[in-house]
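Take a look at the structure set out below.
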Amino acid sequence: MVLLIVKMVAQEFTVDFSKPLVFQACVVHTYFGWSPWRNLSGVGSPASIEQVKSSFFTRTVWWAVPTIWLPVACWCISMSIHMGHTLPQTALMVGFGMFVWTFLEYCFHRFLFHIETKSYWGNTVHYLLHGCHHKHPMDGLRLVIPPAEATLLAIMLLFTPSSSPALFGGGLIGYVMYDVIHYYVHHGQPTTQVPKSLKKYHLNHHFRIQNMGFGITWAFWDTVFGTFPQTKVAEKTR
């Protein structure tokens, strides 16, 4: 593997987008500088790895997310009602679960999806996790979290001691909103102010300042933690 990488570098290696990108991207990571290449956006939906079956873990149509997870969220909420919680109590837990999700969404995006990696395998995992999305931000099959990965996340959150069914269901609703909104801000054509602002805010993260603006559904946590991006006018006056 090392000898192959050295040979590729010696031959003035360039990325071939007609071939699976994971190994090629990791060469770029390690020897040519990851961030500049990643943030120079490409087009299309290139393969990540060779095996066709792996697409299940890397590509997902957007409508799979609400189709799979909204029934699970409704079931969790109904469990709380059957456990004896009143409707106001259940609604409060659902709302709080949705609020907690916005914080998790921010933390995942900022501290996990944008983690700085330096090793070969660290770079490989990072490319599969989020780097491919920044490299190909308009790839409609890599805008939502695949069900396999989302299931692992759901299992980890479900068995936290403080969780209740309605709280977890609210978190799932928040997650579904996150993924659907994420798809929409990339491919939708909003005509009203709120979705227009969300689209501008997120595409600003992709194409202008990648280390700011980590919120997708809400900019609240960017404001709290100082990652709300300045406008171009404010930057020019500094």
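For the sequence shown, the positions run 1160 to 1397 when our numbering is used. Positions of the beta carbon are idealized from the N, C-alpha and C atoms, including for glycine.
Please name the residue in the options whose C-alpha comes closest to that of residue i.
{"i": "V1344", "options": "F1327, K1277, G1374", "result": "G1374"}
{"i": "V1224", "options": "V1284, P1388, G1385, T1310", "result": "T1310"}
{"i": "A1250", "options": "T1219, W1377, G1330", "result": "G1330"}
{"i": "N1370", "options": "L1271, G1243, W1280", "result": "L1271"}
{"i": "F1366", "options": "E1264, H1292, T1219, H1241", "result": "H1292"}
{"i": "V1104", "options": "V1284, D1381, T1376, Q1248", "result": "No answer is possible for residue 1104: it lies beyond the span of the chain, which begins at 1160 and ends at 1397."}
{"i": "D1298", "options": "Y1334, Y1342, E1264", "result": "Y1342"}
{"i": "W1260", "options": "I1368, T1386, F1384, Y1334", "result": "Y1334"}
{"i": "D1381", "options": "W1222, N1282, H1244, F1262", "result": "F1262"}
{"i": "W1221", "options": "V1383, H1346, K1359", "result": "H1346"}
May I have the straight-line CA-CA distance separating residue i from residue j, to the nearest angstrom?
{"i": "H1273", "j": "H1289", "result": "8 Å"}
{"i": "I1389", "j": "A1378", "result": "Note that residue 1389 corresponds to Gln in the displayed sequence, not to Ile. Roughly 13 Å between the two C-alpha positions."}
{"i": "H1361", "j": "T1276", "result": "23 Å"}
{"i": "H1295", "j": "G1256", "result": "31 Å"}
{"i": "M1167", "j": "W1280", "result": "With a pLDDT of only 43 at M1167, under 50, the local geometry of the prediction cannot be trusted, and no value is derived from it."}
{"i": "F1267", "j": "M1238", "result": "28 Å"}
{"i": "P1349", "j": "R1269", "result": "26 Å"}
{"i": "S1278", "j": "Y1265", "result": "25 Å"}
{"i": "V1284", "j": "L1229", "result": "28 Å"}
{"i": "I1314", "j": "G1385", "result": "31 Å"}
{"i": "K1359", "j": "V1383", "result": "20 Å"}
{"i": "L1287", "j": "I1368", "result": "21 Å"}
{"i": "Q1248", "j": "V1231", "result": "19 Å"}
{"i": "K1355", "j": "N1282", "result": "33 Å"}
{"i": "N1198", "j": "T1351", "result": "Its pLDDT being 46, under 50, N1198 is placed unreliably in this model, and the value from its coordinates should be taken loosely. One C-alpha to the other measures close to 29 Å."}
In its own chain, which residues sit with a C-beta less than 8 Å from the C-beta of residue i, not counting the 5 before and 5 after it?
{"i": "C1233", "result": "G1328"}
{"i": "V1253", "result": "I1236, A1325, L1326, G1328, G1329, I1332"}
{"i": "F1387", "result": "M1371, G1372, A1378, D1381"}
{"i": "L1246", "result": "I1240"}
When you compare the CB of residue i with every CB in chain C, is at least one pair closer than 9 Å?
{"i": "T1219", "result": "Given the protein chain composition of this structure (a single chain), no chain C is represented."}
Please return the same chain residues whose Cβ sits closer than 6 Å to the Cβ of residue i, not counting the five positions on each side in sequence.
{"i": "H1364", "result": "G1372"}
{"i": "L1398", "result": "There is simply no residue 1398 to check, as the chain begins at 1160 and stops at 1397 in what is shown."}
{"i": "T1219", "result": "V1303, P1305"}
{"i": "H1241", "result": "none"}
{"i": "F1258", "result": "none"}
Between residue i and the rest of its own chain, which residues show a CB-CB distance below 7 Å, the 5 nearest in sequence each way excluded?
{"i": "I1227", "result": "P1306"}
{"i": "F1191", "result": "Residue placement at F1191 is poorly supported in this model, since its pLDDT is 42, which falls under 50; the coordinates still yield a value, given next. Cβ within range, chain order: n/a, list empty."}
{"i": "H1244", "result": "A1325"}
{"i": "S1323", "result": "S1239, M1252"}
* When the Cβ atoms of the segment 1334-1341 are set against those of the segment 1292-1307, are three or more pairs found closer than 8 Å? -> yes
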